[in-house]
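> Residue numbers (the numbering used here): 1296 to 1770. First the structure, which I've put down as structure tokens, then a few questions once you've had a look.
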């Protein structure tokens, strides 16, 4: 194959370096790319070891090499005529069309390796910058907390001695501002830890209902002062004691309840907790926080859990906030093995639901109390909507259970069609109880249907009802 000729494999115009050499190691052909990149006045007649001194050794009869010739590729270093070099990815194989000769095909990877080093350097610089940023944020937040707590301490001391009504009112305002500032500082500190991957959960054993009572006590006075109703319900199947990070569960609930209070001027706020699954000593707890507040437009739903994001600027101006709270909640929930979702309609209120996994002691996983079971076994549905199912139907999947589910769902949908939401909620509760022994995906779908009924959202009820029919419930 002469230099400048076009071989059977169209080597001359190829972008990769192509060389042909014989058993003596003498190069008989080099394509245009090889001539241009290697800078030899004449490549033909050069020994292959001159180009690859680390891979080939000249001998009296030809060459020696530790390379494996064939279809495999290897990383080699090729030398130019001026003895500078660059890395290549090369393949060397015997020429089937001309026995006794070999073909070397090599791609220049200098730019790729250089780019890889640059990317590595940029990545390392980014890691260093993130570390420095996290340290800076941590230091600043700690430094801010000191004067804020100093102001707060002095204000509280003054409140013990001041009797003038106007002064007390002003001091209370300063006290509240200091509390809000501390919340912002804590959010920023938590965010920096989560962002840096340094956040660690601290699980411990605690009494679950006492924790909920503590959360309720923190919010009930402000809720009632605003003229709102507050409802909290806990399923009897929720364990008395669980092992989890109590502080962070409280933090999530406080954030969701504070948002509900912030954005609700009339109506009610509700908190529900249910056990939706159990695997050995692990339980999945499902929390629902709903309100009748301003709601969120569908177009803005995707902004909810983003860091530093508000639905719009007017929200931030009117209600305040950093836009970090829900982002932190999402990350905390995910650290606990769960997920968080939101459903809302502008002007109709919002519902936030999240699940977590926690460990529960065996004795702390109660079945429903006998009196609850007995009450349910004697419930059936009267024309006025009262629930009174006599006999069986309690065990999920039995013919009696499926028949009862079919009957209650039918009456539920009829109540919705007639916009009798009070009756619909009664039938919905019967459906929920009839599916307590169902698989987790069925129970979650029932909860979504229940939330839609509570919101009196006809379209959503019908949508969730159709989805429930797909969930292998046989009705």
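Just so it is clear, CB atoms sit at the ideal spot from N, CA and C, and this is done for glycine as well.
Taking 8 Å as the CB-CB limit, is residue 1716 close to chain C?
Among the protein chains of the structure shown there is no chain C, as only one such chain exists.
> Measure how close the beta-carbons of residue 1510 and residue 1555 come, nearest whole angstrom, since I'm counting them as under 8 Å.
In the chain shown, counting from the first residue as 1, residue 1510 sits at position 215. In the chain shown, counting from the first residue as 1, residue 1555 sits at position 260. About 12 Å separates the two Cβ atoms, so there is no contact after all.
> In angstroms with no decimal places, state the Cα-to-Cα distance between residue 1464 and residue 1560.
Walking along the chain shown from the start, residue 1464 turns up at place 169. Walking along the chain shown from the start, residue 1560 turns up at place 265. For residue 1464 and residue 1560, the distance between alpha carbons rounds to 23 Å.
> Give me the Cβ distance between residue 1358 and residue 1364, rounded to the nearest whole Å; I'm assuming they're in contact under 8 Å.
Here residue 1358 refers to the residue found at position 63 when the chain shown is read from its first residue. Here residue 1364 refers to the residue found at position 69 when the chain shown is read from its first residue. That belief does not hold up - the Cβ atoms of residue 1358 and residue 1364 are roughly 12 Å apart, past 8 Å.
> Does DSSP classify residue 1342 as helix, strand or coil?
Residue mapping note: residue 1342 aligns to position 47 of the chain shown, counting from 1. Strand.
> Secondary structure at residue 1373, three-state DSSP: helix, strand or coil?
Here residue 1373 refers to the residue found at position 78 of the chain shown. Looking at residue 1373 - three-state DSSP - the assignment turns out to be strand.
> Roughly how many angstroms separate the alpha carbons of residue 1480 and residue 1689, rounded to a whole number?
Translated into the one-based positions of the chain shown, residue 1480 becomes position 185. Translated into the one-based positions of the chain shown, residue 1689 becomes position 394. Between residue 1480 and residue 1689, the C-alpha separation is close to 50 Å.
> Please state the DSSP three-state secondary structure of residue 1415.
As a first step, residue 1415 must be located in the chain shown, where it is residue number 120. Here residue 1415 sits in helix by DSSP.
> With DSSP as the reference, label residue 1654 as helix, strand or coil.
Mapped onto the chain shown, residue 1654 falls at position 359. Looking at residue 1654 - three-state DSSP - the assignment turns out to be strand.
> Using the rule of at least 16 other Cβ atoms within 10 Å of the residue's Cβ for burial, across every protein chain shown, is residue 1677 buried or exposed?
Stepping through the chain shown from its first residue, residue 1677 is reached at position 382. Annotation note: pLDDT 37 at residue 1677 (below 50); position unreliable, no value reported.
> Along the beta strand (DSSP E) that carries residue 1640, what are the first and last residues, could you check?
Residue 1640 sits at position 345 when you count from the first residue of the chain shown. Element bounds for residue 1640: 1635-1640.
> For residue 1708, which residues from the same chain have a beta carbon less than 7 Å from its beta carbon, with the 5 sequence-adjacent residues on both sides left out?
For the purposes of this step, residue 1708 is identified with residue 413 of the chain shown, where counting begins at 1. Within the same chain, residue 1708 has close Cβ partners 1760.
> May I ask you to verify whether the stretch 1336-1353 touches the stretch 1370-1379, counting CB pairs closer than 8 Å and requiring at least 3?
Output reads yes: the stretch 1370-1379 touches the stretch 1336-1353.
> Could you tell me the distance, in whole angstroms, from the CA atom of residue 1427 to the CA atom of residue 1414?
Taking the chain shown and counting its residues from 1, the one referred to as residue 1427 is at position 132. Taking the chain shown and counting its residues from 1, the one referred to as residue 1414 is at position 119. Taking the straight line from one Cα to the other gives about 20 Å.
> Is it true that the stretch 1495-1503 meets the stretch 1527-1544, where meeting means three or more beta-carbon pairs spaced less than 8 Å apart?
Because the criterion of three Cβ pairs below 8 Å is met, the stretch 1495-1503 and the stretch 1527-1544 touch.
> Three-state secondary structure (DSSP) at residue 1302?
For the purposes of this step, residue 1302 is taken as residue 7 along the chain shown, with counting starting at 1. The pLDDT assigned to residue 1302 is 44, lower than 50, so where the model puts this residue is not dependable; a value taken from the coordinates is nonetheless given after this. Residue 1302: coil per DSSP, three-state reduction.
> Straight-line CA distance for residue 1660 to residue 1652?
Position 365 of the chain shown, counted from the start, is the residue given in the question as residue 1660. Position 357 of the chain shown, counted from the start, is the residue given in the question as residue 1652. Low local confidence applies: a pLDDT of 46 at residue 1660 is under 50, so the model's placement there is unreliable, with the coordinate-based value given in what follows. Their backbone Cα atoms lie some 14 Å apart in a straight line.
> Report the three-state DSSP secondary structure of residue 1459 (helix, strand or coil).
Here the question's residue 1459 lines up with position 164 in the chain shown. Here residue 1459 sits in coil by DSSP.
> When the Cα of residue 1257 is compared with those of 1530, 1514 and 1529, which residue comes out closest?
With the chain covering 1296 to 1770 only, the question about residue 1257 has no answer from this structure.
> Between which two residues does the alpha helix (DSSP H) carrying residue 1573 extend?
Here residue 1573 refers to the residue found at position 278 of the chain shown. That residue, residue 1573, is in no alpha helix (DSSP H); its beta strand (DSSP E) goes 1563-1574.
> What are the start and end residues of each continuous beta strand (DSSP E) run of 3 or more residues lying completely inside the stretch 1505-1565, in chain order?
Whole beta strand (DSSP E) segments, 3+ residues: 1524-1529 and 1536-1539.
> Near residue 1572, what residues of its chain come up, given a Cβ to Cβ distance below 6 Å and the 5 sequence neighbours on each side ignored?
By 1-based counting over the chain shown, the position of residue 1572 is 277. Cβ neighbours of residue 1572 beyond the five flanking positions: 1579 and 1735.
> Give me the Cα-Cα distance between residue 1565 and residue 1655, rounded to the nearest whole angstrom.
In the chain shown, residue 1565 corresponds to position 270, counting from 1. In the chain shown, residue 1655 corresponds to position 360, counting from 1. Computed Cα separation, rounded: 25 Å.
> Where residue 1697 and residue 1704 are concerned, what is the direct C-alpha to C-alpha distance, given to the nearest angstrom?
For this step, residue 1697 is matched to residue 402 along the chain shown. For this step, residue 1704 is matched to residue 409 along the chain shown. Near 10 Å, if we compare the C-alpha coordinates of residue 1704 and residue 1697.
> By DSSP, does residue 1363 sit in helix, in strand, or in coil?
Walking along the chain shown from the start, residue 1363 turns up at place 68. Coil.
> Should residue 1756 be labelled buried (16 or more other beta-carbon atoms within 10 Å of its own) or exposed?
Within the chain shown, the letter at position 461 stands for residue 1756. With 16 or more other Cβ atoms within 10 Å, it is buried.
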